[in-house]
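Below: the structure, in structure tokens.
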Amino acid sequence: MARIEVPMPQMGESIAEGTVSKWLKQVGEAVQRDEPILEISTDKVDAEIPAPSSGTLVEIVVPEGDTVEVGTVVAYIDTEAGATATPSAPPPAPPEVESPAAPASAAAPVAAAAPVAAASTGDESAEERLRTRSTPVVRKIAEEHGIDITHVPGTGHAGRVTKQDILSYIESGPPAAPPATSPAAPASAPAAASAASAGSAALGTPSEFWKVFYGAVEHPEFPVRAADRVEPMDKIRRLTAEHMVVAKRVAPHVHSFIEIDFTSIDRIRNANKARWKEQGARVSYTAFVAWAVSRVLREFPGINSTVSGNNVVYRGNVNLGMAVDLDPGLIVPVIHDADDLGLVGIGRKIIDLAERARDRKLSPGEIQGATFSITNPGVLGTLVGLPVIPKGTAAILGTGAIEKRVVVVSDPNTGEDAIAIRKRSLFSLGYDHRVVDGADAARFLARLKDVLEDFPEDA
Amino acid sequence: MTGVSRSLAVRRLGRVSYSRGLELQDGLVRARRAGEIPDTLLLLEHPHVITLGTGSREEHLLADADERERRGIELFEVGRGGDVTYHGPGQLVGYPILDLNPDRRDLHRYLRDLEGMLIEVLRGYGVEGRRVDGLTGVWTPGGKVAAIGVRVASGWITSHGFALNVSTDLGYFDTIVPCGIADRDVTSLERETGREVASREVEDAVVRAFCATFGAAVVSDVTG
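In order, the protein sequences belong to chains A and B. Heads up: the first sequence begins at 2 in the numbering used here, then just goes up one per residue. Heads up: the second sequence begins at 198 in the numbering used here, then just goes up one per residue.
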């Protein structure tokens with residue numbers, strides 16, 4: 002009887018879980034009632050959790066950094082100093098666990114999970130109500146799959162159905178014999194039914210629907226298997242994931258391709274190599290492409306635009322986003338007013354931004370405001386890619402691997418065909434079909450090809 | 198609004214170092230828990246300082262030690278939620294030391310209340326502030342104008358709070374990725390209104406909006 006539970010407290014109606022950020026007391030330490038023993042965090046809020054009673058902290062169940070559902074036991078306190086740590090029978094469930102309680106009162110022993118066959122409280126309806134009070138995520142999954150949540154064996158706090166439970170249930174179907182921790186489900190489940198119908202009413206008006214569809218991203222979860230490793234996404238990963246989902250939802254993507262011959266560019270590179278080296282400049286193929294794109298974009302304002310509501314915003318600047326591989330992760334620094342820079346200037350800028358991107362030294366302004374983006378999957382040998390258009394822009398160029406290929410060339414004077422070896426690359430343009438039509442994309446790509454294949458000497 | 202149920206002491210402290218601000222809050226949280234003082238709203242500004250919340254990642258700190266020294270920026274690690282934040286002159290910082298018992302024991306509600314209060318303040322200046330789903334803080338069409346990071350000590354006593362850019366030199370935000378959100382701009386009340394705004398006047402507006410939001414009446418208002 003002396004061993005009492007410290008549960009993750011309910012810190013707000015819409016807060017279903019909390020992360021243990023710091024243990025202020027260690028196992029074996031004495032604690033006073035109401036003395037802070039751990040800190041938890043939810044987004045933007047840190048909170049101290051006080052000891053529900055005086056005694057000795059005998060077990061920490063949830064380590065720092067772990068996120069658990071409200072009600073999960075995070076630690077045990079032994080209230081009898083010097084008493085053995087033998088777990089005694091869990092206390093009977095109190096009749097009411099409804100209140101979003103203060104840390105102090107929530108820490109009173111809430112209905113215990115039943116690790117051993119707990120004596121029935123004889124109060125089936127309270128038990129059921131407890132089990133169906135799962136997190137919104139679980140209820141949503143249940144609703145989507147038409148599952149009566151009371152039929153799902155719960156392994157969470159007080160037999161509550163966790164996300165893991167319901168996902169396993171979906172994957173493997175109802176178990177032949179429910180595990181001992183779950184009491185047999187009753188036939189009727191009014192609570193689950195009403196929760197389900199309340200959920201489906203949430204879509205509201207069409208404009209509300211679109212707002213949610215374009216704004217809120219929730220990634221579905223999948224069952225974890227024994228050999229798997231689970232890691233939280235870091236911030237760049239999370240922002241990328243969210244951005245990509247929204248970008249794909251918003252813009253109807255179309256992709257068109259063109260093959261570019263690098264003979265002219267190679268000639269200019271070779272002719273200037275020594276001079277550029279003296280200047281300490283490196284002018285990569287990407288710099289040539291960025292230079293050409295920035296000039297051609299001026300001629301095609303529709304490609305350098307974005308759909309905003311029922312308007313098209315034609316951007317007054319040419320700001321090129323250049324995708325940089327951080328391995329792991331991706332960041333897209335921006336060359337502002339790229340059309341004001343010469344070829345060497347763009348080359349320098351690209352190297353500077355890429356280096357500082359890898360050192361995480363970009364300022365916020367340097368990763369904002371792109372009006373068009375370039376990504377280079379070809380750098381690792383990929384033939385061509387189908388890039389996603391960053392939200393707020395109308396198009397993105399993907400450059401494929403530059404390879405020597407056997408091609409048919411025609412002599413401009415005699416018109417005779419010959420087989421030749423040429424350095425070539427496939428370029429793909431991803432564009433938002435709401436504002437850019439196929440022919441627009443074709444004209445843009447053809448013009449880009451013209452410029453790249455007859456590259457100006459004075460760029 | 199609901200009837201007045203809280204007494205609020207307002208203390209306008211002017212320029213206060215970040216460490217002094219932490220000390221003050223510690224003492225006030227203890228006093229509030231013991232019932233020795235009423236709910237208290239500290240209004241102040243900090244010298245240039247970058248603070249790291251418990252959710253901070255180093256990659257969101259873009260200025261290295263040399264650059265921080267050159268620009269005279271202090272660095273602090275603090276026990277509040279949220280990521281990297283910059284404070285400095287021209288930014289109105291508010292630290293509400295409130296007992297959320299018994300009727301406001303909901304952290305999300307508290308965050309939303311602070312946002313709503315700031316949106317009300319902006320509205321008084323003809324600036325449209327709004328929330329952004331999934332993020333805490335207040336945004337205008339021009340960018341993020343107010344940051345929020347809160348701590349709740351045992352017994353539901355709040356500390357830390359909000360930082361509203363009034364006439365902040367926004368160049369200093371280049372030293373961080375605000376709250377780890379890399380693709381959004383930062384703005385200030387002055388930039389949004391296009392005119393100079395007196396800080397005393399903004400403080401008054403904050404006190405009014407705060408009282409309306411939290412159903413509080415000012416019982417003392419002390420400067421210094």
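Glycine included, every Cβ here is placed at the ideal spot set by N, Cα and C.
Within chain B, the residues that residue i reaches when beta carbons sit closer than 7 Å
i                      : result
residue 15 of chain A  : 305
residue 12 of chain A  : 304
residue 216 of chain A : 330
Any C-beta of chain A under 7 Å from that of residue i
i                      : result
residue 217 of chain B : no
residue 364 of chain B : no
residue 348 of chain B : yes
residue 351 of chain B : yes
residue 330 of chain B : yes
residue 198 of chain B : Reliability fails at residue 198 of chain B, whose pLDDT of 45 lies under 50, so the model's placement of it is uncertain and the value that follows must be treated cautiously. False, the Cβ-Cβ gap to chain A never drops below 7 Å.
Min CB distance residue i to chain B below 7 Å
i                      : result
residue 7 of chain A   : no
residue 334 of chain A : no
residue 47 of chain A  : yes
residue 51 of chain A  : yes
residue 234 of chain A : no
residue 364 of chain A : yes
residue 443 of chain A : no
residue 221 of chain A : no
residue 64 of chain A  : no
residue 388 of chain A : no
residue 302 of chain A : no
residue 84 of chain A  : No answer about residue 84 of chain A holds up, because its pLDDT of 41 lies below 50 and its placement is not dependable.
residue 99 of chain A  : Any reading at residue 99 of chain A is ruled out, since the residue's pLDDT is 31, under 50, leaving its predicted position unreliable.
residue 190 of chain A : Residue confidence is low: residue 190 of chain A scores 41 on pLDDT, short of 50, so the model does not pin down where it sits. No coordinate-derived value is stated.
residue 94 of chain A  : In this predicted model, residue 94 of chain A has a pLDDT of only 36, less than 50, meaning its place in the structure is not dependable; the value taken from the coordinates is given anyway. Chain B contact via Cβ: absent.
residue 113 of chain A : With a pLDDT of 34 at residue 113 of chain A, under the threshold of 50, the predicted position of this residue should be treated as unreliable, though the coordinate-derived value follows. No, residue 113 of chain A does not count as interfacial toward chain B.
For residue i: DSSP bridge partner residues
i                      : result
residue 472 of chain A : Shown here, chain A extends from 2 to 460; a query on residue 472 of chain A therefore has no answer.
residue 413 of chain A : Answer by DSSP bridge pairing: none, since residue 413 of chain A is not bridged.
residue 68 of chain A  : A:20
residue 423 of chain A : A:406
residue 212 of chain B : B:242
residue 205 of chain B : B:236 and B:415
residue 343 of chain A : Residue 343 of chain A pairs with nothing; no bridge assigned.
residue 51 of chain A  : A:37
residue 313 of chain A : A:308
residue 350 of chain A : Answer is none; residue 350 of chain A lacks a bridge partner.
residue 8 of chain A   : A:74
residue 452 of chain A : Paired residues: none, contrary to the question.
residue 218 of chain A : Residue 218 of chain A is not bridged to any residue.
Residue i Cβ short of 6 Å to the ligand HEM heavy atom set
i                      : result
residue 316 of chain A : With respect to small molecules bound, the structure shown includes none, and the ligand HEM cannot be examined in it.
Partners in chain A for residue i, counting only beta-carbon separations shorter than 8 Å
i                      : result
residue 371 of chain B : 364, 365 and 366
Where residue i meets chain B, residues with beta-carbon distance less than 8 Å
i                     : result
residue 37 of chain A : 350 and 351
Q. Which residue spans inside the segment 349-419 of chain B form an unbroken alpha helix (DSSP H) run of at least 4?
A. 386-390 and 396-411
Q) Curious, which full-length alpha helix (DSSP H) runs of at least 4 residues does the segment 257-337 of chain B contain? A) 262-267 and 304-320
Q: Select from the segment 24-35 of chain A all residues with a C-beta closer than 9 Å to any C-beta belonging to chain B, and list them in chain order.
A: 35
Q) Which ranges does the beta strand (DSSP E) cover as unbroken runs of at least 3 residues, wholly within the segment 225-311 of chain A, from first to last along the chain? A) For secondary structure counted as the beta strand (DSSP E) over 3 or more consecutive residues, the segment 225-311 of chain A holds these complete runs in sequence order: 254-262 and 306-309.
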